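Encoded as structure tokens, the structure appears first; notes follow it.
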Amino acid sequence: MSENTPDLDAAARDIVRAGQRLDARGWVPATAGNISRRLPDGRIAITRSGCHKGFLSEQDVITVDLAGQPHDPANRPSAETLLHCQIYRLLPDVGAVLHGHSVASTVLSMIEASPRILLSDYEVQKVFAGQDTHEATVPVPLFPNDQDIARLAREVEPHVADMPAGYIIRGHGVYVWGRDMGMALARLEGLEFLLACELEKRKLKA
Ligand SMILES: CSCCC(=O)C(=O)COP(=O)(O)O
Ligand SMILES: [Zn+2]
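If you read the sequence shown in the numbering used here, its first letter stands for residue 111, the second for the next number, and so on.
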């Protein structure tokens, strides 16, 4: 077992802890957000739909195949399972995916007119894939929200391989990933910090 593909028990523990972390930061209000890990046999461990992510138990983590089908038909995986599976399918090195609904990602994505938020000059942007200087611009793509997750996944699909910091669904929330849960959490914390900074800057300019 490698760190980025733990067995189901370890993955479930990882997901429960990540849910508590996201909840402590205020990024998964009510039943918002979903969390997943890749397993060594290629299955995906993901949160059940409708659970509060701060109060998950290991039984709230279930398995789906890469097409998003639950192995036990009695289990209802996250409504956004297809967005997780898409990332694992397109990015073989990814071991963990996080989705949250922070205030900063929700508000900024609703007021930004262009199809991306550009992050520049921040030291913290070095947490993202392939970034080694603040003297660069990291784009965070914005996609219109859609209750049809399969259609939303088709919209996102051509861009997934070229997103150093993840992406945002407008008025909804962020998707971030990493080779393991530690990396995914670091990227999410980095992105949320920078979105909070951008929101503060825009308030000061208003
Ligand atoms: C109350 S949040 C609406 C659903 C959502 O956007 C979300 O992230 C949680 O959905 P899930 O099916 O994964 O619980
Ligand atoms: Zn959501």
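Note that beta-carbon positions come from the ideal geometry of N, C-alpha and C, so glycine has one too. This structure is a prediction, so every number in the text was calculated from the model and none was measured.
Taking 7 Å as the limit, name every residue whose beta carbon sits nearer than that to some heavy atom of ligand 1, in sequence order.
140, 141, 142, 143, 144, 157, 159, 160, 161, 188, 189, 190, 209, 211, 282, 283
Residue 285 beta carbon less than 7 Å from that of residue 209
Yes, the pair counts as a contact, with Cβ atoms nearer than the cut-off.
DSSP-derived helix/strand/coil call for residue 209
strand
Roughly how many whole angstroms lie between the Cα atoms of residue 133 and residue 164?
Roughly 5 Å separates the two Cα atoms.
Residue 228 burial status per 10 Å Cβ neighbour count (16 or more: buried)
exposed
Using 8 Å as the threshold, is the stretch 223-239 in touch with the stretch 194-204, meaning 3 or more CB pairs across them?
no
Inter-residue Cα distance where the pair is residue 111 and residue 144
For residue 111, the predicted model reports a pLDDT of 43, less than 50, meaning its position is unreliable; a value from the coordinates is still stated below. Approximately 24 Å, taken between the alpha carbons.
Confirm, please, whether the CB-CB distance from residue 141 to residue 160 is below 7 Å.
yes
Can you check which of these residues, 218, 139, 230, 169, is closest to residue 245 by C-alpha distance?
230
If you draw a straight line from the alpha carbon of residue 136 to that of residue 150, how long is it in whole angstroms?
31 Å
Who pairs with residue 283 in a beta bridge, going by DSSP?
279
Between the alpha carbons of residue 269 and residue 252, how many angstroms are there, rounded?
11 Å
Just to confirm before moving on: does the CB-CB distance between residue 183 and residue 174 stay below 7 Å?
no
Since residue 125 contacts residue 158 with CB under 8 Å, what's their CB separation in whole angstroms?
Rounded, the Cβ-Cβ distance is 11 Å, inconsistent with contact.
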